[in-house]
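In UniProt numbering, the protein residues as written are 1 to 705. Positions of the beta carbon are idealized from the N, C-alpha and C atoms, including for glycine. See below for the structure under consideration.
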C-alpha cells in the first residue's frame with residue numbers, strides 16, 4: 001500500500017464546487033450526501049466511484065452510494081471496510097489517502113489499474129466513511145482531495161445524527177430499491193448517452209463487469225452504441241421510439257420501446273431518464289397474429305377456389321354424370337348428360353323425334369336405378385350395367401356403361417346417387433380392331449416363319465463368306481509381309497551400293513553420274529519407306545507388332561527426332577522450335593514407337609507447310625497421368641469433313657492421280673494404330689488455311705498387353 005502524492009492543482013469550475021458545497025450543506029442524510037459526492041466525482045473522472053459507511057443493521061457497513069460498480073463489487077467493499085486486517089479497515093484510524101493495487105480488495109477489482117481510498121470525517125477523529133475512486137495511478141487528483149475535505153465533516157455529522165435517529169429507509173436507498181424492483185430497464189444518462197445510473201434490468205443489458213466473458217462484453221458494447229445512437233436521434237425532448245438490442249446471455253435480438261425524459265440535475269447539468277419497455281414478445285405475438293391472419297386468408301381463398309373447382313368438375317368431365325335424390329329424381333347433371341337426358345326447350349326440325357329419344361333414355365335410366373333401389377339390392381352400394389341409349393340429335397345408338405354409387409350421410413342414410421356413364425363406342429371399336437389384328441398377326445406369323453428360314457440360309461452364306469474373307473485377309477497380310485521382306489533385301493543392297501558409289505569407293509564420278517545416283521538413292525529410300533509402312537500395317541493387323549517397354553526421357557527423344565529431320569528442315573527453310581514443360585517426368589513406354597509417331601507427324605508438318613514454321617511441344621498432364629506431344633504447323637490445314645478420312649489406310653485428302661502431294665496414305669493410319677498399342681490416341685485440330693495441330697496422347701507408364 002503506497003502513500004500517493006497529490007496531483008498539481010487542476011482547473012476546476014468554481015461554480016461546480018459551489019453547487020456541490022451548497023448541496024452538501026442542504027443534505028438531510030448521509031446517503032444523500034454520499035450520493036452527491038459520488039455522482040460529482042464520477043461525472044468528472046468517468047471512473048467507478050463508491051462511498052462506504054455504516055449501514056442499517058447491527059454495525060454492518062454498506063455501500064452508501066456508488067457509480068459504475070456492480071452489486072458484488074459494492075458488497076466486497078463493504079465487507080473489506082469491516083473485516084479486521086483488510087487493507088480498507090486500516091483507514092478507520094489512519095488519516096490520509098492511500099492507493100491500492102487492483103487486486104488488493106478481493107472481489108472489488110476495478111478497471112483502470114487500482115483504487116484510491118480516502119477517509120471521510122472530522123479532522124483528528126476516526127473516519128466515519130470511506131471514499132473509493134478507481135484510478136490508474138497513485139496520484140491524488142485535486143478535486144478528490146477537495147471533495148474529501150469538504151464532505152468529511154457534514155458526512156460525519158449526518159452519520160452521527162442517523163445513528164441517534166430511529167432507523168428507517170433513506171429516500172435515496174428506498175428509491176434505488178424501488179427502481180431495481182421495476183421489471184423494465186431504467187437508466188439515467190447525460191445528454192451524450194454516458195451511463196450515470198442503471199437498475200438491475202438495465203445493467204444486465206448495458207453493463208459488463210471486468211470478469212465478463214468476451215461475448216457478453218461485445219454484446220454490451222453493441223447495446224451501448226445502439227442506445228447512444230437512438231438517444232442522439234431523439235434529441236433533448238420527451239419522445240418514444242423503438243430500438244433493437246442484443247440479449248448478452250442468449251444472443252437473441254430484443255425489441256424495446258425507448259421512452260426518454262430530460263431532467264435537470266441538482267448541480268445544474270441536464271440528464272436524461274430513459275425507460276425501456278420490452279416489445280419482443282409483443283412483436284412476436286403481432287408477427288404470429290399476422291401470420292395466422294395470412295394463413296386464414298389463404299385458407300379462405302383456397303376454400304373458395306376449391307368450391308369453384310368442384311362446381312366446374314362436372315362440366316369439365318367428358319363422361320355424362322347425373323346426381324339423383326333417394327327417390328330417383330334428377331338433381332344435377334353436367335353438360336354431356338343434359339344432351340342425352342334433358343328435354344329440349346326449343347323445338348325445331350325433328351323436335352318431336354328428339355323429345356321421343358330423350359324420353360326413351362329417361363326410361364332406360366329409371367329402369368337402371370330401379371335395380372339399385374329395389375329391395376333385392378338394398379345392401380348393395382354400387383351397381384353397374386350396360387345400356388344402349390339413343391343420340392337425341394341423330395338417333396344413332398350409343399352403347400354406354402353406367403356405374404351408380406350410393407351417397408350415404410353421417411348416420412348411414414341414403415342421401416343421393418351419383419351415376420357416371422362411359423361411352424363404350426371406342427371400346428367396341430377397339431375390340432373389333434383387335435380381332436382384325438389377331439387375324440393379320442396370324443398371317444404375318446406365317447410370313448415371318450418363311451422369312452426366318454430364308455434369313456437363316458442367307459446368314460449361313462454370309463458366315464461362310466466372312467470366313468473366306470478372313471482367310472483372304474490373312475493371306476493378303478502374309479503375302480504383303482513376305483513380299484515386303486523380299487523387297488527390302490535387294491533394295492537395301494541397292495541403297496548400300498549406291499551409298500558406296502556416292503562415297504567414292506569405286507573412284508571419282510562425274511557430276512551427272514553423282515546427280516543420277518543421288519536420285520536413285522532418294523527414290524530407293526522412298527520405296528523402302530513405303531515398304532516399311534506396308535510391313536508395319538501387316539504386322540499390326542496380324543498382331544505380331546511387339547511392345548518393347550523401357551524408361552526414357554522425352555527431351556532426349558525429341559533431340560534425336562530433330563537431329564534426324566535436320567536435313568529436311570534445312571531444305572524446307574521453315575522455322576522449327578520446341579517447347580518442353582519444366583519438370584517433365586520420365587516415361588515407361590515403347591521408345592521406338594513414340595519416336596516413329598513423332599517423326600511421322602513432324603515429316604507431314606514439313607511436307608504440307610510452305611511458309612511460317614512448325615512448333616513441337618511436350619507437356620505432362622498430371623490429372624490424367626498422360627504425356628502429350630503436339631506438332632503444330634502453319635500449313636494448308638484440313639477441312640472437318642476430311643479429318644477422319646486421313647487416318648484410314650491408303651487415304652489422303654486429295655486421292656486423285658494429279659494430287660500435289662505424294663505419299664501412300666499409310667503414315668497417319670500407322671500413327672493411330674501405334675498410339676492405340678501404347679494405350680493412347682492421336683488427336684487433330686485443324687481448319688483450312690489455318691494450319692493443323694496433331695497431338696499424341698499416351699500414358700506415362702504403359703501397361704503390357
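- When DSSP labels each residue in this structure, what does residue 33 get in the three-state scheme? For the purposes of this step, residue 33 is taken as the residue at position 33 of the chain shown. Helix, per DSSP.
- Item | Among 95, 124 and 83, nearest to residue 105 - alpha-carbon criterion | Residue mapping note: residue 105 aligns to position 105 of the chain shown, counting from 1. Here the closest residue by C-alpha is 83.
- Task: Only counting runs of 4 or more residues, tell me where the alpha helix (DSSP H) segments fall wholly within the region 19–101, in order along the chain.
- Result: Runs of the alpha helix (DSSP H) inside the region 19–101: 30–45 and 71–82.
- Query: Is the number of C-beta pairs between the region 572–590 and the region 612–623 that are closer than 8 Å three or more?
  - Reply: The region 572–590 vs the region 612–623: in contact.
- Item | Assigned exposure category for residue 694 - 16 Cβ within 10 Å defines buried | What you label residue 694 is simply residue 694 of the chain shown in a count that begins at 1. So residue 694 ends up on the buried side.
- Query: Taking C-beta to C-beta, are residue 226 and residue 213 nearer than 8 Å?
  - Reply: What you label residue 226 is simply residue 226 of the chain shown in a count that begins at 1. What you label residue 213 is simply residue 213 of the chain shown in a count that begins at 1. Contact: no.
- Status (buried if at least 16 other CB within 10 Å, exposed otherwise) for residue 229: Taking the chain shown and counting its residues from 1, the one referred to as residue 229 is at position 229. It counts as exposed.
- Message: How far does the beta strand (DSSP E) with residue 416 in it extend, from its first residue to its last?
- Response: Walking along the chain shown from the start, residue 416 turns up at place 416. Note, residue 416: beta strand (DSSP E), 414–423.
- Could you give the DSSP three-state label for residue 585: helix, strand or coil? What you label residue 585 is simply residue 585 of the chain shown in a count that begins at 1. Assignment of residue 585 by DSSP, reduced to helix, strand and coil, places it in the coil class.
- Item | Anticipated Cβ contact below 8 Å, residue 127 with residue 134, distance rounded | Against the chain shown, residue 127 aligns to sequence position 127. Against the chain shown, residue 134 aligns to sequence position 134. That pair is no contact at about 19 Å.
- Message: Using the three-state DSSP reduction, which class does residue 463 fall into: helix, strand or coil?
- Response: On the chain shown, position 463 is the one that residue 463 refers to. Residue 463 falls in the helix class under three-state DSSP.
- Task: Measuring only between beta-carbons, confirm whether residue 71 sits less than 8 Å from chain D.
- Result: Chain labels in this structure do not include chain D; a single protein chain is all it has.
- Do residue 593 and residue 561 come within 8 Å of each other at the CB atom, strictly closer than that value? The residue given as residue 561 occupies position 561 in the chain shown. The residue given as residue 593 occupies position 593 in the chain shown. Between residue 561 and residue 593, the gap from beta carbon to beta carbon reaches 8 Å or more.
- Query: For residue 613, which beta-bridge partners are listed by DSSP?
  - Reply: The count along the chain shown starts at 1 and reaches residue 613 at position 613. Paired residue(s): 575.
- Message: Helix, strand or coil for residue 129? Go by DSSP, reduced to three states.
- Response: Along the chain shown, read from residue 1 onward, the residue named residue 129 stands at position 129. Three-state DSSP puts residue 129 in a strand.
- Task: Reducing DSSP to helix, strand and coil, say where residue 440 ends up.
- Result: As a first step, residue 440 must be located in the chain shown, where it is residue number 440. In the three-state scheme derived from DSSP, where H, G and I count as helix and E and B as strand, residue 440 is classed as helix.
- Query: Excluding five sequence neighbours on each side, which residues of the same chain lie with their C-beta closer than 6 Å to the C-beta of residue 171?
  - Reply: One-based indexing of the chain shown puts residue 171 at position 171. In this predicted model, residue 171 has a pLDDT of only 48, less than 50, meaning its place in the structure is not dependable enough to derive any value.
- Query: Hey, would you say residue 99 sits closer than 8 Å to residue 114, going by beta carbons?
  - Reply: As a working mapping, residue 99 is identified with position 99 in the chain shown. As a working mapping, residue 114 is identified with position 114 in the chain shown. Their beta carbons are under 8 Å apart, which means residue 99 touches residue 114 by this criterion.
- Task: Could you check how far apart the C-beta atoms of residue 157 and residue 184 are, in whole angstroms? I think they sit under 8 Å.
- Result: As a first step, residue 157 is located in the chain shown; it is residue number 157 there, counting from the start. As a first step, residue 184 is located in the chain shown; it is residue number 184 there, counting from the start. 38 Å between Cβ atoms; not a contact.
- Rank 241, 187, 101 and 20 by C-alpha distance to the C-alpha of residue 144 and give the top, closest one. As a position in the chain shown, residue 144 is number 144, starting the count at 1. Out of 241, 187, 101 and 20, the CA that lies nearest to the CA of residue 144 is found in 20.
- Task: Leaving aside the five residues before and after residue 147 along the sequence, list all residues of the same chain whose C-beta is less than 8 Å from its C-beta, in chain order.
- Result: Residue mapping note: residue 147 aligns to position 147 of the chain shown, counting from 1. Only residues of its own chain outside the window of five on either side were considered, and among them 20, 37, 40, 41 and 131 have a CB closer than 8 Å to the CB of residue 147, listed in chain order.
- Determine contact between the region 358–365 and the region 387–398, defined as no fewer than three beta-carbon pairs at a distance below 8 Å. Per the Cβ contact rule, the region 358–365 is in contact with the region 387–398 (3 or more Cβ pairs under 8 Å).
- Message: In whole angstroms, give me the CA-to-CA distance for residue 545 and residue 523.
- Response: The residue given as residue 545 occupies position 545 in the chain shown. The residue given as residue 523 occupies position 523 in the chain shown. Distance between the alpha carbons of residue 545 and residue 523 is about 27 Å.
- Message: Using the three-state DSSP reduction, which class does residue 321 fall into: helix, strand or coil?
- Response: For the purposes of this step, residue 321 is taken as residue 321 along the chain shown, with counting starting at 1. In the displayed model, residue 321 falls within a strand according to three-state DSSP.
- Task: Check residue 156 in the structure and name its three-state DSSP category.
- Result: Locating residue 156 in the chain shown gives position 156, where the first residue counts as 1. If DSSP states are grouped into helix, strand and coil, residue 156 belongs with the helices.
- Task: Express the C-alpha separation of residue 423 and residue 440 in angstroms, rounding to a whole number.
- Result: By 1-based counting over the chain shown, the position of residue 440 is 440. By 1-based counting over the chain shown, the position of residue 423 is 423. Those two C-alpha atoms are separated by around 27 Å.
- Taking only the alpha-carbon atoms, compute the straight-line gap between residue 645 and residue 671 and give it to the nearest angstrom. Here the question's residue 645 lines up with position 645 in the chain shown. Here the question's residue 671 lines up with position 671 in the chain shown. Roughly 14 Å between the two C-alpha positions.
- Task: In the DSSP assignment, find the unbroken alpha helix (DSSP H) run with residue 554 in it and report its ends.
- Result: Stepping through the chain shown from its first residue, residue 554 is reached at position 554. Taken as a continuous stretch (DSSP letters only), the alpha helix (DSSP H) holding residue 554 covers 554–564.
- Message: Could you compute how far the alpha carbon of residue 509 sits from the alpha carbon of residue 497?
- Response: What you label residue 509 is simply residue 509 of the chain shown in a count that begins at 1. What you label residue 497 is simply residue 497 of the chain shown in a count that begins at 1. A direct Cα-to-Cα measurement between residue 509 and residue 497 gives close to 14 Å.
- Please classify residue 600: is it buried, with 16 or more other beta-carbons within 10 angstroms of its beta-carbon, or exposed? Taking the chain shown and counting its residues from 1, one reaches residue 600 at position 600. In summary, residue 600 is buried, with 16 or more beta-carbon neighbours lying within 10 Å of its beta-carbon over all protein chains present.
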